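Trainee:
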Amino acid sequence: MNFAFNEEQKSLGETVDRLLEDHAALRAPDLSAEANGPAWDALAELGLFAMMVPEDQGGAGLTAVDLALSVEAMGSALGPIAALDALAVTDLLVRHGTPAQQADLLPRIATGELRVAVAVTEQGCDEAPEGVGTTVTGNRLSGTKVLVREAAAAHLFAVVAQSGTGAAIYLVPADAAGVTVRAHEDIDPTCALGEVTFDNVELGAEALVGAANPARAVTRLFDGGAALSACLQVGIAARMLATAVEYARTRVQFGQAIGAFQAIKHRCADMAVAVEAARSATYYGVWAFAEDAPDRARAVSMAKAYAGEVAKHVCNETIQVHGGMGFTWELGLHRYLRRAKVIEHAFGSTLWHNERIVVETLRMDEACSGDKLAAA
Amino acid sequence: MDFNYSPSENEFRMELRNWLAGALPQGWGETVFEPEDEHERAMFRLDWERKLYAGGWSGINWPKEYGGRGATLIERGIFAEEMARTQAPEGINIIGHNLAGTTILACGTEAQKKRFLPPIISSDEVWCQGFSEPNAGSDLASVRTRAELVGDKFIVNGQKIWTSYAQYAQWCFALVRTDPDVPKHKGLSFLLIDMSSPGITIRPLRQISGESEFNETFFDNVEVPAENIVGGINEGWKIAMTTLAYERGPEDALGRQVRFKQELDKLVTTLCQTMQGSRAAIDNPAIRQRLARAITEIEIVRLNALRSFSVYLDGGDRGADASMTKLYWSHVAQNMYELAMDALGPVAPLSGNDPSARAMGRFQLSWLQSKAFTIYSGSSEIQRNITGERVLGLPR
Chain A
477 MNFAFNEEQK SLGETVDRLL EDHAALRAPD LSAEANGPAW DALAELGLFA
527 MMVPEDQGGA GLTAVDLALS VEAMGSALGP IAALDALAVT DLLVRHGTPA
577 QQADLLPRIA TGELRVAVAV TEQGCDEAPE GVGTTVTGNR LSGTKVLVRE
627 AAAAHLFAVV AQSGTGAAIY LVPADAAGVT VRAHEDIDPT CALGEVTFDN
677 VELGAEALVG AANPARAVTR LFDGGAALSA CLQVGIAARM LATAVEYART
727 RVQFGQAIGA FQAIKHRCAD MAVAVEAARS ATYYGVWAFA EDAPDRARAV
777 SMAKAYAGEV AKHVCNETIQ VHGGMGFTWE LGLHRYLRRA KVIEHAFGST
827 LWHNERIVVE TLRMDEACSG DKLAAA
Chain B
874 MDFNYSPSEN EFRMELRNWL AGALPQGWGE TVFEPEDEHE RAMFRLDWER
924 KLYAGGWSGI NWPKEYGGRG ATLIERGIFA EEMARTQAPE GINIIGHNLA
974 GTTILACGTE AQKKRFLPPI ISSDEVWCQG FSEPNAGSDL ASVRTRAELV
1024 GDKFIVNGQK IWTSYAQYAQ WCFALVRTDP DVPKHKGLSF LLIDMSSPGI
1074 TIRPLRQISG ESEFNETFFD NVEVPAENIV GGINEGWKIA MTTLAYERGP
1124 EDALGRQVRF KQELDKLVTT LCQTMQGSRA AIDNPAIRQR LARAITEIEI
1174 VRLNALRSFS VYLDGGDRGA DASMTKLYWS HVAQNMYELA MDALGPVAPL
1224 SGNDPSARAM GRFQLSWLQS KAFTIYSGSS EIQRNITGER VLGLPR
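One line per chain: the protein sequences are A and B, in this order.
With the working numbering, the residue at position 331 of the first sequence is 807, and numbering never jumps.
With the working numbering, the residue at position 43 of the second sequence is 916, and numbering never jumps.
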């Protein structure tokens, strides 16, 4: 039992943090996606996308726990959001991919040259990935996905669709006949969100991921996206807290730094407590995900829901602490507010994860009382 | 980071689990509960603590030479999980274990350790805390209770307030003024006072829950041997800060989490069994949203404590982080009890023995008791000042 990151994990997180700190354009007030490309290339050069790829496929064989602080740094820096899709799909392929899928895709994902995007959300559907309307009939996939991150830049989509026996994941190349991408108009254009339509797209022989248990592959991908999203949310919250505290230390009104006033000081203290709580939930959720622990679903949902609420709260409070400046376009706090909103609604919203926490708690209680009966 | 347990940690857990199975009364938590009467309940809890001691499960992480088990912080975490799992009773000598004992262990002389620690572990001596006074609450350093050194004794005069368990305590540790002519933090000393000394009067105070756990304690020319000082004369503030770091720290939070987790489990069961119209309360989506949040927050109290343990095990210092620990558990526990009262629906105002009361009114009592959480051990306002100034570096 140990709840601390080791030196390698911390060092990797610091490296990613420093690297993205140099890409200041990522955090510029104007909503341009142009900074994503250079940042992506720098992350690829660092080898970030190879970290979770097994060693025999040219990677470092690390787990989500090893990358938690790095993903937190990506959240804090407003790094390219598609990096999360790449990491979640890497984990999926490592766990559930066929040898052919792994050999073909992982080395190219590792170098950053193959861009993958998760296509799960649909209009008019429940957030549960099992409830999607996109369907595979015969060998053809049809449906429309929304809120696909950096959709236009993707080479390959990991599409959740109904197979006839339940939801499953299919890999569809972006250049397949019948695939079209439309850019969304949305709150955070730096995520380059897009709608992707699959019109009777013919699936390749190696399209299905996790044939042995397609449903498990779906929840694995969804939980991976949710757990890593929680890290991004913690990164945003921690950065906003630091920004608020720095402003409270230096901004003078009534002849003193405003941080001396309890109205401000106490807000900052509450934010600090919230950020640490979100870290506890998130790090545990990422561990439960990486280990595939028996309480994985609940732990991941706790992480995503809680870190989402904290990120939202801290963004709001930080704007308030900055007064009128906080509401200006040029200060750029709106960038974090916008990004947090996109992440909040990806891989299950707070409301959805809260419901899953209750369902899982009742399920685990039943298991627990069954356990007691067996012991008696 | 690894939440898996080692073979020896698993062995520790099984040993404890087996012991608990034999030690708890038959039907515990199902047909057998704690006595309702406050005094009987206190005696029941004292008996339970002595039972823990007899089984070797008291003060487990203290050094073996003072009667402890030398358990690791991780084992302490396991201990808390198992106590929650079996709905084990609380103890009464919490102040002895968590505050007096830890402070003496950290700052006491060898003679004090040998004298005071073993009877704390065995619960032969229960402790109370003499910090707050009517005019020294949040501003603790302004305490006025005087202690004058006359020969080889301190003569103590003054009044303490909110002294929980004073009526059961054999000993009290107190923050007293030994020099009124220096700045307030610099004239304080930390004394260990025998509660059977002539000149001590206790007057119970009734709390909003109707209980009288805490008291006013009066000192009228009470003699305290000079060797019963912890630290040097006028060094009491530093010692008191050590006490507060433990009072607000992760071990304390983890112990409390056990109770919150027990009550949360009970709440879930109660909501499953409480019909509201055509559905059980547990099926109300509005309740489910808040319940999810409470489940998450109570789990985070545990995770926060484990994270702090890992920091300490890596050589990190105890410090102002204790204020954040206390802020967190106190507010989320209050929220949980608010949820309990809201979710019970129209019967929420019914108490204890009313046949229509849910879960024998326990949530109502806990809800009333929870109002103290954000006040004692330093109010939330004080914890936020400490967090803002010492953790975040904001100006005073």
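Cβ atoms here follow ideal geometry from the backbone N, Cα and C, with glycine treated the same way.
These numbers were taken from a predicted model, which means no experiment stands behind them.
What separation, rounded to the nearest whole angstrom, lies between the Cα atoms of G1105 (chain B) and F989 (chain B)?
Mentor: Numbered from its first residue, the second sequence carries residue 1105 (chain B) at position 232. Numbered from its first residue, the second sequence carries residue 989 (chain B) at position 116. Going by the C-alpha atoms only, they are around 18 Å apart.
Trainee: Of the residues B:A1047, B:D1215, B:A1221, which one's Cα is nearest the Cα of M1068 (chain B)?
Mentor: Within the second sequence, numbered from 1, the residue matching residue 1068 (chain B) stands at position 195. The shortest C-alpha separation from M1068 (chain B) is found at B:A1047.
Trainee: With respect to the alpha helix (DSSP H) encompassing R675 (chain A), which residues constitute its N-terminal and C-terminal limits?
Mentor: Your numbering for residue 675 (chain A) matches position 199 in the first sequence. A small fix is needed here, since residue 675 (chain A) is Asp in this sequence, not Arg. Not the alpha helix (DSSP H): D675 (chain A) falls in the beta strand (DSSP E), residues 670-678.
Trainee: Taking 7 Å as the limit between beta carbons, can you name the residues of its chain near Y991 (chain B), skipping five residues before and five after?
Mentor: Here the question's residue 991 (chain B) lines up with position 118 in the second sequence. Reading the sequence as shown, one finds Pro at residue 991 (chain B) and not Tyr. Same-chain partners within the cutoff: Y939, G940.
Trainee: What are the residues that DSSP puts in a beta bridge with C1045 (chain B)?
Mentor: Residue 1045 (chain B) sits at position 172 when you count from the first residue of the second sequence. B:C1001, B:I1066, per the DSSP bridge assignment.
Trainee: Per the contact definition of three or more C-beta pairs closer than 8 Å, is the stretch 1133-1151 of chain B in contact with the stretch 1082-1089 of chain B?
Mentor: no
Trainee: For Y878 (chain B), which of helix, strand or coil comes out of DSSP?
Mentor: As a first step, residue 878 (chain B) must be located in the second sequence, where it is residue number 5. The answer is coil: DSSP assigns Y878 (chain B) none of H, G, I, E or B.
Trainee: Evaluate contact between the stretch 683-697 of chain A and the stretch 517-534 of chain A, counting only Cβ atoms and requiring at least three cross-stretch pairs below 8 Å.
Mentor: no
Trainee: Alpha carbon to alpha carbon, how far is G943 (chain B) from R1121 (chain B)?
Mentor: Counted from its first residue, the second sequence places residue 943 (chain B) at position 70. Counted from its first residue, the second sequence places residue 1121 (chain B) at position 248. Cα to Cα, the separation comes out at about 22 Å.
Trainee: Counting contacts by CB-CB distance shorter than 7 Å, is P898 (chain B) in contact with chain A?
Mentor: On the second sequence, position 25 is the one that residue 898 (chain B) refers to. No, P898 (chain B) does not count as interfacial toward chain A.
Trainee: Whose Cβ in chain A lies nearer than 7 Å to the Cβ of Y1201 (chain B)?
Mentor: As a working note, residue 1201 (chain B) is residue 328 in the second sequence. Near Y1201 (chain B) (Cβ distances below 7 Å), the residues of chain A are V749, A753.
Trainee: Mapping DSSP to helix, strand and coil, what is M956 (chain B)?
Mentor: Here residue 956 (chain B) refers to the residue found at position 83 of the second sequence. DSSP places M956 (chain B) in helix when its eight states are reduced to three.
Trainee: To the nearest whole angstrom, what separates the beta carbons of W1000 (chain B) and G969 (chain B), a pair I think is in contact under 8 Å?
Mentor: Your numbering for residue 1000 (chain B) matches position 127 in the second sequence. Your numbering for residue 969 (chain B) matches position 96 in the second sequence. At roughly 4 Å, the Cβ-Cβ gap stays under 8 Å, so W1000 (chain B) and G969 (chain B) are in contact.
Trainee: With DSSP as the reference, label I1171 (chain B) as helix, strand or coil.
Mentor: By 1-based counting over the second sequence, the position of residue 1171 (chain B) is 298. Assigned with DSSP and collapsed to three states, I1171 (chain B) falls in helix.
Trainee: Is there at least one Cβ from chain B nearer than 7 Å to Y646 (chain A)'s Cβ?
Mentor: Taking the first sequence and counting its residues from 1, one reaches residue 646 (chain A) at position 170. Cβ-Cβ to chain B under 7 Å: no for Y646 (chain A).
Trainee: Would you tell me roughly how many angstroms separate the C-alpha atoms of E1124 (chain B) and N1177 (chain B), rounded to the nearest one?
Mentor: For the purposes of this step, residue 1124 (chain B) is identified with residue 251 of the second sequence, where counting begins at 1. For the purposes of this step, residue 1177 (chain B) is identified with residue 304 of the second sequence, where counting begins at 1. So the alpha carbons of these two residues sit roughly 11 Å apart.
Trainee: Tell me, please, whether the CB atom of I1034 (chain B) is closer than 7 Å to any CB atom in chain A?
Mentor: For the purposes of this step, residue 1034 (chain B) is taken as the residue at position 161 of the second sequence. Taking CB atoms only, I1034 (chain B) has no neighbour in chain A less than 7 Å away.
Trainee: Hey, does Y760 (chain A) have any beta-carbon neighbour from chain B nearer than 7 Å?
Mentor: Residue 760 (chain A) sits at position 284 when you count from the first residue of the first sequence. For Y760 (chain A), a Cβ of chain B is located within less than 7 Å of the residue's own Cβ.
Trainee: Report yes if the CB atom of W1044 (chain B) is closer than 7 Å to the CB atom of R1129 (chain B), and no otherwise.
Mentor: Residue mapping note: residue 1044 (chain B) aligns to position 171 of the second sequence, counting from 1. Residue mapping note: residue 1129 (chain B) aligns to position 256 of the second sequence, counting from 1. No. Outside cutoff.
Trainee: Using a Cβ-Cβ distance under 7 Å, would N830 (chain A) count as near chain B?
Mentor: Taking the first sequence and counting its residues from 1, the one referred to as residue 830 (chain A) is at position 354. Yes - at least one Cβ of chain B is within 7 Å of the one on N830 (chain A).
Trainee: Kindly indicate which three-state DSSP category I1028 (chain B) falls into: helix, strand or coil?
Mentor: The residue given as residue 1028 (chain B) occupies position 155 in the second sequence. Residue state, collapsed to three classes: strand.
Trainee: Contact between the stretch 1228-1246 of chain B and the stretch 718-726 of chain A: three or more CB pairs below 8 Å?
Mentor: The stretch 1228-1246 of chain B is not in contact with the stretch 718-726 of chain A.
Trainee: Please check if any C-beta of chain B sits within less than 7 Å of the C-beta of T794 (chain A).
Mentor: Here residue 794 (chain A) refers to the residue found at position 318 of the first sequence. With 7 Å as the cut-off, T794 (chain A) does not count as an interface residue toward chain B.
Trainee: If K436 (chain A) and F823 (chain A) are in contact, beta carbons under 8 Å, what's the gap, nearest whole angstrom?
Mentor: This structure cannot settle anything about residue 436 (chain A), because the visible part of chain A is limited to 477 through 852.
Trainee: Is there a Cβ of chain B sitting closer than 7 Å to that of L849 (chain A), yes or no?
Mentor: Indexing the first sequence from 1 puts residue 849 (chain A) at position 373. Only weak support is given to the placement of L849 (chain A): the predicted model assigns it a pLDDT of 38, under 50, and the question is left unresolved by the model.
Trainee: Would you say M1197 (chain B) lies against chain C (beta-carbon separation less than 7 Å)?
Mentor: Checking the listed chains, one finds no chain C in this structure; the protein chains it contains are A and B.
Trainee: Taking only the alpha-carbon atoms, compute the straight-line gap between V728 (chain A) and E767 (chain A) and give it to the nearest angstrom.
Mentor: In the first sequence, residue 728 (chain A) corresponds to position 252, counting from 1. In the first sequence, residue 767 (chain A) corresponds to position 291, counting from 1. Each residue's Cα considered, the two are about 49 Å apart.
Trainee: Classify A621 (chain A): buried if its beta carbon has 16 or more other beta carbons within 10 angstroms, exposed otherwise.
Mentor: Taking the first residue of the first sequence as position 1, residue 621 (chain A) is located at position 145. For the sequence presented, residue 621 (chain A) should be read as Lys rather than Ala. Per the 10 Å Cβ criterion, buried.
Trainee: For the putative contact between L1265 (chain B) and A748 (chain A), defined by C-beta atoms under 8 Å, what is the C-beta separation to the nearest angstrom?
Mentor: For the purposes of this step, residue 1265 (chain B) is identified with residue 392 of the second sequence, where counting begins at 1. For the purposes of this step, residue 748 (chain A) is identified with residue 272 of the first sequence, where counting begins at 1. L1265 (chain B) to A748 (chain A), Cβ: 6 Å. Contact.
Trainee: Return yes when the Cβ of P556 (chain A) is within less than 7 Å of the Cβ of N512 (chain A), no when it is not.
Mentor: Counting from one through the first sequence, the residue named residue 512 (chain A) turns up at place 36. Counting from one through the first sequence, the residue named residue 556 (chain A) turns up at place 80. A contact, by the Cβ cut-off of 7 Å.
Trainee: Which residue comes first and which comes last in the beta strand (DSSP E) that contains Y646 (chain A)?
Mentor: By 1-based counting over the first sequence, the position of residue 646 (chain A) is 170. Counting along the chain, Y646 (chain A) sits inside the beta strand (DSSP E) bounded by residues 643-649.
Trainee: Give, in chain order, every unbroken run of the alpha helix (DSSP H) that is at least 4 residues long and sits entirely within the stretch 585-621 of chain A.
Mentor: none
Trainee: Could you name the residues of chain B that V833 (chain A) contacts, counting a contact when the two beta carbons are closer than 7 Å?
Mentor: Within the first sequence, residue 833 (chain A) is the residue found at index 357, counting from 1. One detail in the question is off: residue 833 (chain A) reads as Ile in this sequence, not Val. The contacting residues are A1165, I1168, T1169.
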